[in-house]
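Mapping of the sequence shown onto the numbering used here: residues 1 to 371, in sequence order.
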Amino acid sequence: MIKTDIQRPLAEEVYSEELYALEYADKGNRRPEGWRLSPRAVRNFILGTDKPVKTDCKEVHIKQKYFGNNSMIERAIVTLAGNRGLMLVGEPGTAKTMISELISAAVCGCSSNTVQGTAGTTEDNVKYSWNYAMLLAKGPVREAIIPAPVFIGMEKGIITRFEEITRCPLEVQDILISIMSDKVMNIPEWGSEGMLFAAKGFNIIATANTRDKGVNEMSSALKRRFNFETVEPVKNVSLEKTIIAQQCSELLKSCGIDNEIDMTAAEVLASVFVELRSGISPEKASIPKLSCVMSTAEAVSVYYQSALEAEYYGNGKITMKKLTENLLGAVAKENKDDLPKLREYYGGAVKLRAEKLGGIWQELYDSRSQI
Ligand SMILES: Nc1ncnc2c1ncn2[C@@H]1O[C@H](COP(=O)(O)OP(=O)(O)OP(=O)(O)O)[C@@H](O)[C@H]1O
Ligand SMILES: [Mg+2]
Numbered sequence: 001m002i003k004t005d006i007q008r009p010l011a012e013e014v015y016s017e018e019l020y021a022l023e024y025a026d027k028g029n030r031r032p033e034g035w036r037l038s039p040r041a042v043r044n045f046i047l048g049t050d051k052p053v054k055t056d057c058k059e060v061h062i063k064q065k066y067f068g069n070n071s072m073i074e075r076a077i078v079t080l081a082g083n084r085g086l087m088l089v090g091e092p093g094t095a096k097t098m099i100s101e102l103i104s105a106a107v108c109g110c111s112s113n114t115v116q117g118t119a120g121t122t123e124d125n126v127k128y129s130w131n132y133a134m135l136l137a138k139g140p141v142r143e144a145i146i147p148a149p150v151f152i153g154m155e156k157g158i159i160t161r162f163e164e165i166t167r168c169p170l171e172v173q174d175i176l177i178s179i180m181s182d183k184v185m186n187i188p189e190w191g192s193e194g195m196l197f198a199a200k201g202f203n204i205i206a207t208a209n210t211r212d213k214g215v216n217e218m219s220s221a222l223k224r225r226f227n228f229e230t231v232e233p234v235k236n237v238s239l240e241k242t243i244i245a246q247q248c249s250e251l252l253k254s255c256g257i258d259n260e261i262d263m264t265a266a267e268v269l270a271s272v273f274v275e276l277r278s279g280i281s282p283e284k285a286s287i288p289k290l291s292c293v294m295s296t297a298e299a300v301s302v303y304y305q306s307a308l309e310a311e312y313y314g315n316g317k318i319t320m321k322k323l324t325e326n327l328l329g330a331v332a333k334e335n336k337d338d339l340p341k342l343r344e345y346y347g348g349a350v351k352l353r354a355e356k357l358g359g360i361w362q363e364l365y366d367s368r369s370q371i
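Following this line, the structure appears as structure tokens:
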């Protein structure tokens, strides 16, 4: 049952019907110990299926959730099936967190067992701490332990997600070294042989952002315990458009707005993002390289913001003026030097397209005075 009064339900709640159907249809298939679904079913959950999946009472459509490199997703799942940790690295907004949530929801039915890494993350936030009143009353019994995500993952045999691992101090990151190789956590308060052995199914999916703080600082011992997968930004306009449309339609529905997505506006926005990100346009016009990250997540939020403004202050239809204004916000937030480059893009590639195609591209070109 999805709680309707929370902003963002967990993946396993949002997709509970899909997960149930996949599990139902997956009976008898081989799966790693401790896993709820087979690797094939986990893949299908993330990449979608052509045909609906049958359960005892209905057919369920499995929606494609990640668009991009399918073999990267397969490798990521196989890494976990082989009991190795998975490290997803890449530029901001490339869906690393989304992939880690979806895989966790599918593999163990829980995507919320997460360490949210920051510069202030401590050993207690990763392993466990004590309820001191209980500790004094009963001694170091299990009940007196306040478990943190790695403890919970090991005890229950589920995945622990470690977000933004490279933001944590190195000594906190290094806690994982022995846990990942020995699959055991020492609990000194339990005596010389006090140990928590990881149940089958325990594993770690970490994410790290290559833009803010590199993975270079991670110790090589820890790096060796993970298989690294790089999540690349989308390079193709039609994929970017599909993501914008799908994500914005869900976001707008969650705000009670049931407007159709304007696919032409989504395509223009997708082209702008892909071209600014790659520096290449179909007309081979010169495109300046921006220093800011033109991530798909930002494309989604530019469309979403423009759609909300259209709904609340306009006639519900997205205008290119609003799109440009919101694009400006996304570009200017990191480096003001990017603004002249954006102007140059409008005066070059966008102008060419306006002359060739007119219509919405002309409207976009006409909105350049906003920049
Ligand atoms: N290839 C993609 N397929 C589907 N959705 C995508 C894709 N790339 C980006 N998105 C969208 O971007 C959103 C943000 O992604 P997410 O927060 O997972 O990125 P991230 O890589 O973890 O970013 P950060 O490094 O800033 O934490 C996703 O929820 C999704 O809407
Ligand atoms: Mg993230």
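Using N, Cα and C, we set each Cβ at its ideal position, and we do this for glycine too.
Treat the numbers as computed from the prediction; the structure is a model and nothing was measured.
Backbone secondary structure at L37 - three-state DSSP: As a first step, residue 37 is located in the sequence shown; it is residue number 37 there, counting from the start. Look at L37 here: in three-state DSSP terms it is coil, with no helix or strand label.
Bounding residues of the beta strand (DSSP E) (the contiguous stretch that carries L88): Start at 1 with the first residue of the sequence shown, and residue 88 comes out as number 88. Residues G85 to G90.
With distances taken from CA atoms, which of K321, S104, T160 and D338 is nearest Q362? As a first step, residue 362 is located in the sequence shown; it is residue number 362 there, counting from the start. Looking at the Cα atoms, K321 is the closest of the given residues.
How do the stretch 301 to 309 and the stretch 282 to 289 stand: do at least 3 beta-carbon pairs fall below 8 Å, yes or no? Between the stretch 301 to 309 and the stretch 282 to 289, the count of Cβ pairs shorter than 8 Å is below three; the stretches do not touch.
Considering only C-alpha positions, which residue in the set K341, E91, L328 and N335 is nearest to S367? The count along the sequence shown starts at 1 and reaches residue 367 at position 367. Nearest option by C-alpha distance: L328.
Minimum C-alpha distance to A332 - residue among S271, I62 and V293: Against the sequence shown, residue 332 aligns to sequence position 332. Of S271, I62 and V293, the residue nearest in Cα terms is V293.
Of the choices S254, Y346, R167 and V14, whose alpha-carbon is the least far from that of M218? Position 218 of the sequence shown, counted from the start, is the residue given in the question as residue 218. Among S254, Y346, R167 and V14, the Cα nearest to that of M218 is on R167.
Indicate, with yes or no, if ligand 2 has a heavy atom lying under 8 Å from the CB of E240. Along the sequence shown, read from residue 1 onward, the residue named residue 240 stands at position 240. Taking 8 Å as the cut-off, the C-beta of E240 does not count as close to any heavy atom of ligand 2.
Does the distance from the CB of G359 to the CB of F226 come in under 9 Å? Looking up residue 359 in the sequence shown gives position 359. Looking up residue 226 in the sequence shown gives position 226. Going by C-beta atoms, G359 is not nearer than 9 Å to F226.
Please classify Y312 as buried or exposed, where buried requires at least 16 neighbouring CB atoms within 10 angstroms. As a position in the sequence shown, residue 312 is number 312, starting the count at 1. Burial call: exposed.
Quick check on the burial criterion: 16 or more other C-beta atoms within 10 angstroms. Buried or exposed for C57? By 1-based counting over the sequence shown, the position of residue 57 is 57. Flag for C57 reads exposed.
Indicate, with yes or no, if ligand 2 has a heavy atom lying under 8 Å from the CB of E164. Within the sequence shown, residue 164 is the residue found at index 164, counting from 1. Within 8 Å of the C-beta of E164 there is at least one heavy atom belonging to ligand 2.
Any idea if C255 is buried or exposed, counting beta-carbon neighbours within 10 angstroms, 16 or more meaning buried? Your numbering for residue 255 matches position 255 in the sequence shown. Exposed, by the Cβ-count rule.
Would you check whether ligand 1 has a heavy atom nearer than 8 Å to the C-beta of T114? The residue given as residue 114 occupies position 114 in the sequence shown. No.
From the DSSP secondary-structure annotation, give me the bridge partner or partners of F197. In the sequence shown, residue 197 corresponds to position 197, counting from 1. Beta-bridge pairing links F197 to V184.
8 Å CB neighbourhood of M263 in its chain, flanking five on each side removed: Counting from 1 along the sequence shown, the entry for residue 263 is found at position 263. K241 and A245.
Find out if the Cβ-Cβ distance for the pair M180, L135 is shorter than 9 Å. In the sequence shown, the residue the question calls residue 180 occupies position 180. In the sequence shown, the residue the question calls residue 135 occupies position 135. The Cβ-Cβ distance between M180 and L135 does not fall below 9 Å.
Do you know offhand how far G153's Cα is from N203's? Here the question's residue 153 lines up with position 153 in the sequence shown. Here the question's residue 203 lines up with position 203 in the sequence shown. Rounded to whole angstroms, the gap between the alpha carbons of G153 and N203 is 7 Å.
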